[in-house]
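Enquirer: Sharing a structure below in structure tokens format, with a few things to ask.
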Amino acid sequence: MVKRNDPCPCGSGKKYKKCCEHKTAVKVEDMFFEELDRTLQLFFDDYPTRAEMSAYNEVTNEWLQALPSLHPQLVQAIALEHFFFMQKPAMWQSYMKKVSKQTLRPVSQQVYASWVCPRLFYGEIIDVSSPLYIKVRHTRTGEEIFLRRETERVIPEGMMTYTYILPDGTLEENHYLATSIFIFFAPTHKKAFAQFTADDTEQLKLWQLLVANGYNGEEFTTFETNVLKHAEDFLTKHERNFDELRIVLEDYLVEERPGARKEAAIAAGAVRYANENGLIEPLQMTIKEMAEQFGVSASSLTKYYQDITTYRS
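Just so we're aligned: the sequence shown equals residues 272 to 584 in the numbering used here.
In structure tokens:
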């Protein structure tokens, strides 16, 4: 084992403590979190068993019939975790008992001992300043927790989220991870969460309230969805790829919340930004021609082009 004052094995000539000790610690931490993720994934791979499939299908069919406007895969994912953690928690407890017996690392055993059963958590995102966590306040109880980020995507304050949580492995108070589904909602759906007063075991009612409030499975408002569609339709028409611009535009929309009389004005500005910054194969057209194709003025196009440029700088 390399001691802290030994020469670093990387060959830099520095002492280990001044060179790669921290990097090694980070790698060990990453491996630990990967182990936790694998433990979660194996549960979803192995369950429900054949014996529980009939009961699971019954729950899924009930949810699909109650939420016909949502994508079936989304409904099935929500219904699955409701089935596991609200209706049949014994499945999870049986699985974790087996995992604990097979686990040798003391810190893992300590974490798994706290994984009694995932619990439902839904509420408003109130702080996004940490690069590792988002802070969420429960809509009903006011409880505030830190949820481990799963990606580097922009998540603005004010959005709502819905997930099942477990202690995240750091053993720090109020620090959690999402078990599987980690769904975000535009702030316009905050009132639907506030209207949900039934017991959490009846969460199908929450989803019906969300649908009644206009939720259709998107994380964006209708306005933002239309902006994305305008940009995508234009690029598809001109045989250009939307993928790189989509990432930029989604982040801009949710973080900046731009206002415009026409969604097409933002889309046009975004396409110009993509065209001038190498996100798409160059379009051979003037700003005026581009604006005309979107049905907006060149000045409106330029305004949002400049806004996006400033946002990205």
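Every residue, glycine too, gets a C-beta built ideally from N, C-alpha and C.
Just tell me which of ALA483, ILE452, ALA457 and PHE453 has its CA closest to the CA of GLN466.
Expert: Sequence index remark: in the sequence shown, residue 466 carries index 195 (1-based). Of ALA483, ILE452, ALA457 and PHE453, the residue nearest in Cα terms is ALA483.
Enquirer: According to DSSP, LEU360 sits in a beta bridge with which residue or residues?
Expert: Counting from 1 along the sequence shown, the entry for residue 360 is found at position 89. Residue identity check: residue 360 is Pro in the sequence provided, not Leu. None, per the DSSP bridge assignment.
Enquirer: Out of curiosity, what's the CA-to-CA distance linking ARG411 and SER570?
Expert: Taking the first residue of the sequence shown as position 1, residue 411 is located at position 140. Taking the first residue of the sequence shown as position 1, residue 570 is located at position 299. Approximately 46 Å, taken between the alpha carbons.
Enquirer: Can you round the beta-carbon distance between LYS461 and GLU395 to whole angstroms, since I take them to be within the 8 Å contact cut?
Expert: The sequence position of residue 461 within the sequence shown is 190, counting from 1. The sequence position of residue 395 within the sequence shown is 124, counting from 1. The pair is a contact, with the Cβ atoms about 6 Å apart (cut-off 8 Å).
Enquirer: My guess is that VAL425 and GLU495 are in contact by the Cβ rule of under 8 Å, so how many angstroms apart are they, rounded?
Expert: Position 154 of the sequence shown, counting from 1, holds the residue named residue 425. Position 224 of the sequence shown, counting from 1, holds the residue named residue 495. Wrong, their Cβ atoms sit about 13 Å apart, outside the cutoff.
Enquirer: Do the stretch 516–524 and the stretch 492–506 make contact, defined as three or more Cβ pairs closer than 8 Å?
Expert: Yes, since at least three Cβ pairs between the stretch 516–524 and the stretch 492–506 fall closer than 8 Å, the two stretches touch.
Enquirer: Which same chain residues, not among the five before or five after GLY318, have their C-beta less than 6 Å away from its C-beta?
Expert: Here the question's residue 318 lines up with position 47 in the sequence shown. The sequence given here places Tyr at residue 318; Gly does not occur at that position. Contacts found: MET362.
Enquirer: Between the stretch 365–373 and the stretch 396–411, are three or more C-beta pairs nearer than 8 Å?
Expert: no
Enquirer: According to the neighbour-count rule (16 or more other Cβ atoms, all chains shown, within 10 Å of its Cβ), is ASN512 buried or exposed?
Expert: Looking up residue 512 in the sequence shown gives position 241. Looking at its Cβ environment, which holds fewer than 16 other Cβ atoms inside 10 Å, ASN512 is exposed.
Enquirer: If CYS388 and PRO427 are in contact, beta carbons under 8 Å, what's the gap, nearest whole angstrom?
Expert: Position 117 of the sequence shown, counted from the first residue, corresponds to residue 388. Position 156 of the sequence shown, counted from the first residue, corresponds to residue 427. No, CYS388 and PRO427 are not in contact; Cβ-Cβ is about 31 Å, not under 8 Å.
Enquirer: Quick check: the Cα distance between ASP578 and PRO343, rounded to an integer number of angstroms?
Expert: For the purposes of this step, residue 578 is taken as the residue at position 307 of the sequence shown. For the purposes of this step, residue 343 is taken as the residue at position 72 of the sequence shown. Going from the Cα of ASP578 to the Cα of PRO343 covers about 37 Å.
Enquirer: Answer with buried or exposed for GLN474, where buried requires no fewer than 16 other C-beta atoms within 10 angstroms of its C-beta.
Expert: Here residue 474 refers to the residue found at position 203 when the sequence shown is read from its first residue. Its Cβ being crowded by 16 or more others within 10 Å, GLN474 is buried.
Enquirer: Measuring CA to CA, which of GLU443, MET431, PHE354 and ARG376 is closest to GLU490?
Expert: In the sequence shown, counting from the first residue as 1, residue 490 sits at position 219. The residue with the shortest Cα to Cα distance from GLU490 is MET431.
Enquirer: Checking 8 Å against the spacing of the C-beta atoms, do MET561 and ALA539 come in under that value?
Expert: Translated into the one-based positions of the sequence shown, residue 561 becomes position 290. Translated into the one-based positions of the sequence shown, residue 539 becomes position 268. Contact flag set, yes.
Enquirer: Write down every uninterrupted run of the beta strand (DSSP E) in the stretch 374–435 whose length is 3 residues or greater and which is fully enclosed by it, in chain order.
Expert: 390–398, 404–409 and 415–419
Enquirer: If you draw a straight line from the alpha carbon of THR374 to that of LEU437, how long is it in whole angstroms?
Expert: Position 103 of the sequence shown, counted from the start, is the residue given in the question as residue 374. Position 166 of the sequence shown, counted from the start, is the residue given in the question as residue 437. THR374 and LEU437: Cα-Cα distance of roughly 18 Å.
Enquirer: What does DSSP give as the partner residues of LEU480 in its beta bridges?
Expert: The sequence position of residue 480 within the sequence shown is 209, counting from 1. Looking at the DSSP assignment, LEU480 forms no beta bridge with any residue, so it has no partner.
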